[in-house]
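K.L.:
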Amino acid sequence: MKHLFTIILFSQCFLSVTVLAQQKSAKTYAAIIGNAGPVVSPDIKRRNDEIKFQARTRINKDLLEFLNLLIKDDLGENERNYLIQNSYLLNPQQIFSGDGVVIEDDIDPNHTSAENIVDIGIERYLRNLDLFYSKSDSATIAFSNLVVSDVQEGKEFPYLKVFFTQKFNGRNKQVNIPYKAVQRVAELRAEKLNGKWQTFITRLGFLRPDESLSPLHNLTIPKDFGPKQPVKGTAKIFQKVDTTIDTLIVNWDKQWLQVVRSTIPQLPTGSYQRSKTGSSRKGDISMTLAKSEQKLIFRRNDGAQIAFDRVNNPKETDRLKLKYRRNGWLQIAAGLVALGTSYGGYTNLQKSYNTYNGELAKLNAEYAIWKDLSQQPAGNPVTSMNFNSYSRPGIYAVYGGGTTGAGLILNGIRQLIKAGKL
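Take the sequence shown: its letters are residues -21 to -1, 1 to 401, numbered as in mature numbering (1 follows the signal peptide of the UniProt record, and there is no 0).
#1: Using a 10 Å radius around the Cβ and a threshold of 16 neighbouring Cβ atoms, would you call residue 389 buried or exposed?
#2: So, helix, strand or coil for residue 21, using DSSP?
#3: Which same chain residues, not among the five before or five after residue 119, have their C-beta less than 6 Å away from its C-beta?
#4: Run the CB neighbour count on residue 347, radius 10 Å, all protein chains shown included, and call it buried at 16 or more, exposed below.
#5: Please state whether DSSP places residue 171 in a helix, a strand or coil.
#6: Just to confirm before moving on: does the CB-CB distance between residue 11 and residue 143 stay below 7 Å?
#7: Beta-carbon separation of residue 377 and residue 324 under 7 Å?
#8: In its own chain, which residues sit with a C-beta less than 8 Å from the C-beta of residue 108, not counting the 5 before and 5 after it?
#9: For residue 246, which residues of its own chain have a beta-carbon under 6 Å away from its beta-carbon, when the five flanking residues on both sides are left out?
#10: Verify whether the separation of the beta carbon atoms of residue 91 and residue 254 is less than 7 Å.
#11: By the three-class DSSP mapping on this structure, what secondary structure does residue 78 have?
#12: Give the DSSP-derived three-state secondary structure of residue 394 in the structure shown.
#13: Assuming residue 43 contacts residue 111 (C-beta within less than 8 Å), just tell me the rounded distance between them.
#14: In the DSSP assignment, what residue or residues form a beta bridge with residue 166?
#15: Once DSSP output is grouped into helix, strand and coil, what is the label at residue 287?
#16: Evaluate residue 196 with the Cβ neighbour count: other Cβ atoms within 10 Å of its Cβ, from every protein chain shown; 16 or more gives buried, anything less gives exposed.
#17: Between residue 193 and residue 187, what straight-line distance do the alpha-carbon atoms span, to the nearest angstrom?
#18: If contacts are defined as beta-carbon pairs under 8 Å, then residue 74 and residue 98 qualify, I think. What distance do you get, rounded to the angstrom?
#19: Taking only three categories from DSSP, how would you classify residue 123?
#20: State buried or exposed for residue 352, treating a residue as buried only when at least 16 other CB atoms are found within 10 Å of its CB.
#21: Does DSSP put residue 218 in a helix, in a strand, or in coil?
#22: Name the residue from 239, 263, 272, 216 whose alpha carbon lies nearest to the alpha carbon of residue 233.
#23: What is the rounded straight-line gap between the Cα of residue 381 and the Cα of residue 310?
#24: So residue 200 and residue 290 are supposed to be a Cβ contact under 8 Å. How far apart are they, rounded?
#25: What do you get for residue 240, buried or exposed, if any count of 16 or more other CB atoms within 10 angstroms of its CB means buried?
#26: Quick check: residue 220 and residue 288, are their CB atoms within less than 7 Å of each other?
#27: In the structure shown, what three-state DSSP assignment does residue 203 receive?
#28: Between the beta-carbon of residue 52 and the beta-carbon of residue 129, is there less than 7 Å?
#29: Does DSSP put residue 377 in a helix, a strand or coil?
#30: Who are residue 8's beta bridge partners in DSSP?
#31: Given a threshold of 16 other Cβ atoms within 10 Å of its Cβ, counted over all protein chains shown, does residue 15 qualify as buried or as exposed?
#32: Could you say which of 345, 363, 173, 319 lies nearest to residue 335 if we only look at CA atoms?
#33: To the nearest whole angstrom, what separates the beta carbons of residue 23 and residue 67, a pair I think is in contact under 8 Å?
#34: Mapping the DSSP letters down to three states, classify residue 28 as helix, strand or coil.
#35: Going by DSSP, name the residue or residues bridged to residue 238.
#36: Would you check if the distance between the CB atom of residue 141 and the CB atom of residue 154 is smaller than 7 Å?
Set out below in structure tokens:
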């Protein structure tokens, strides 16, 4: 009987795998790109790559760490003054190009876009951050979705931009409004100091409607790259996460994904081929369908990503709700069966163990009587095995079935919650 529970465990695991396999895995489609921009020499390209690397590091490491250090609770006033001044004066820790840098204020939670800009100097901005933003022992300022533009030639210095999403997770001491994630742009100039390229921030502000990565407009997919026949089916609409402005219209089948329309200049229209390895080659661009084809992730050739959520029509939403609810209740039912079977198995094992202890007690009692009557030397009575030792390997099936059942129930609840959010 104990081996029967092991068979039951394998049956439960097979059932859980079967149910969970209904969820579609992510699918990646990749495309090769052309570039209609000017051809640059290898030396200039190597220089530009270094400048872009330094710019990304300046924002995602130097600036981010500096801001989070400035709001630390245990920092003394002298240390704060030292940090603020060193951020724009000539020294190894310099981040900004000088004390004349202008910042578009985002410390006031009401300032969230280019529609309500308030320009302040770099020192005042940092002082306001120190005074009005909540202090913390941990980092509460976060950057994400960094995109670095190509390097442009200025009159005096090469320059470039870094686009990123900024989120203040702390609070403003004067304005009782939670911070929202905002789109920021840093302009940087590049200088060669002591034989090495360095970048310094000349402007930090909000993303303007007409501001974009102009060189990325040249990203194109060759027209001869694609299927012989257009992809059949109804086109689907995806909307960029955190905005209602930028959208995509796409269609796909098992082999190809086609971007029919794109409102984002750096995301070209054209065909993307299904990747056999589930990833794209370095230098390619790709589209990944995930979460049951409800999320689309565009990956640029420099590694930056843009996420989109699917916009479903009412009929499709109802179909997805039905699907999630069906899968959810199926998993919950399978989980309850697994828990019930596990409980039943444990009960049977406990009964069997109790019977074993009873029989052993009788044998030991009879042995004690024989030992007294025979007056012969003999060993000690037989010691009872503990429950886990007696119940092996069936107890493993019982514990495994309980774990499997609990996992199925939790997954089922997640499916029902997902249906409720649609």
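Note that CB positions come from ideal geometry on N, CA and C, so glycine has one too.
P.N.:
Taking the structure as given:
#1: exposed
#2: helix
#3: 148, 149
#4: exposed
#5: strand
#6: no
#7: yes
#8: 46, 49, 50, 86
#9: 277
#10: no
#11: coil
#12: helix
#13: Actually they are not in contact, since the Cβ atoms of residue 43 and residue 111 sit about 19 Å apart, beyond 8 Å.
#14: 140, 182
#15: strand
#16: Any reading at residue 196 needs caution, since the residue's pLDDT is 44, under 50, leaving its predicted position unreliable; the model's value is listed next. The residue in question, residue 196, is exposed, as its Cβ has fewer than 16 Cβ neighbours within 10 Å.
#17: Low local confidence applies: a pLDDT of 45 at residue 193 is under 50, so the model's placement there is unreliable, with the coordinate-based value given in what follows. The straight-line gap from Cα to Cα measures roughly 13 Å.
#18: Wrong, their Cβ atoms sit about 19 Å apart, outside the cutoff.
#19: strand
#20: exposed
#21: strand
#22: 272
#23: 14 Å
#24: With a Cβ gap of about 23 Å, residue 200 and residue 290 do not count as contacting.
#25: exposed
#26: yes
#27: coil
#28: no
#29: helix
#30: 253, 266
#31: In this predicted model, residue 15 has a pLDDT of only 48, less than 50, meaning its place in the structure is not dependable enough to derive any value.
#32: 363
#33: With 8 Å as the limit, residue 23 and residue 67 do not qualify as a contact, their Cβ atoms being about 30 Å apart.
#34: helix
#35: 229, 249
#36: no
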